[in-house]
Amino acid sequence: MTTLVALAIGVGLLGGVATLIFLAVGTILIWAAFAAWACYFHSGGNMEALKSTIICNVFGVIVAWIAALIILGIPLAGALSLPLWAGIVVAITVAAYILAAHVKLLSSIPGTTYGYACTFAFLLQTPGKLDMAVLTSASLDNALIVVALSMVIGALFAYASGQLAGVLTKKS
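The C-terminal residue of the sequence shown carries number 298 in the working numbering, and the numbering is unbroken.
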């Protein structure tokens, strides 16, 4: 079997299983899992890619969560306007995570960006989540927890699908 066909079977099968599980649970985010899944294969599809994907996706989630806390917690939106204040905070935090790529463990800028983007997608597209009380809660309503968890699970599913594809391509 060719590698592409094996990947189609492995990712398709486990993608279906992941979707079933995520939708049955209802609080974890299948779209964030698939972003991490893509990151894993984009990063090389091996054990090093798994490590990099998990670390950098979660780092991106943390940086975005901190950015959201700053936007909400420092009351400059009234004086500057929310778009300007948010733009300043995003500019600074994005520059910070790119500079953090000097550290080998944080060197996957795309991986960090996926985590950052998924966090803001969740916060801006899900009513009631961009709220200080929610952002500081110990619950799956908190972007820090739910996006990071969803992406870690997605990376693990990606690894499993790659392993399955490897088994399917082995000659007997």
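Using N, Cα and C, we set each Cβ at its ideal position, and we do this for glycine too. Bear in mind that the values here come from a model prediction, so they are computed numbers and not experimental data.
- Take the alpha-carbon of Pro-253 and the one of Val-143: they are about 28 angstroms apart.
- A check of alpha carbon separations from Cys-244 across Val-273, Ile-197, Ala-193, Trp-163 identifies Val-273 as the nearest.
- If the five residues before and after Ala-194 are omitted, its C-beta is found closer than 8 angstroms to the C-beta atoms of Thr-245, Phe-246, Leu-249, Leu-256, Leu-261, Ala-269, all from its own chain and listed in chain order.
- For His-168, the uninterrupted alpha helix (DSSP H) segment begins and ends at 156 to 168.
- Using a C-beta cut-off of 8 angstroms, the region 174 to 186 makes contact with the region 153 to 165, since at least three inter-stretch Cβ pairs fall below that distance.
- Apart from the 5 residues on each side of it in sequence, Ser-234 sits with its Cβ closer than 7 angstroms to the Cβ of Ser-169, Ser-178, Cys-182 in its chain, given in chain order.
- Ala-227 and Ala-286 have their C-alpha atoms roughly 27 angstroms apart.
- Around the beta carbon of Gly-138, a 10 Å sphere encloses fewer than 16 other beta carbons of the protein chains shown; the residue is thus reported as exposed.
- Around the C-beta of Val-229, fewer than 16 other C-beta atoms lie within 10 Å, and the residue is accordingly described as exposed.
- Of the candidates Gly-292, Leu-275, Leu-290, the residue whose Cα lies closest to the Cα of Ile-188 is Leu-275.
- Contact annotation: Ala-132 and Ala-291 have beta-carbon atoms nearer than 7 angstroms.
- With a contact defined as Cβ atoms closer than 8 angstroms, Ala-203 and Trp-211 qualify at about 5 angstroms.
- A direct Cα-Cα distance of roughly 6 angstroms separates Val-184 from Gly-241.
- Excluding five sequence positions before and after Thr-145, the CB atoms of its chain that fall closer than 6 angstroms to its own CB belong to Ile-156, given in chain order.
- Secondary structure in the region 189 to 270: no beta strand (DSSP E) run of 3 residues or longer lies completely within the stretch.
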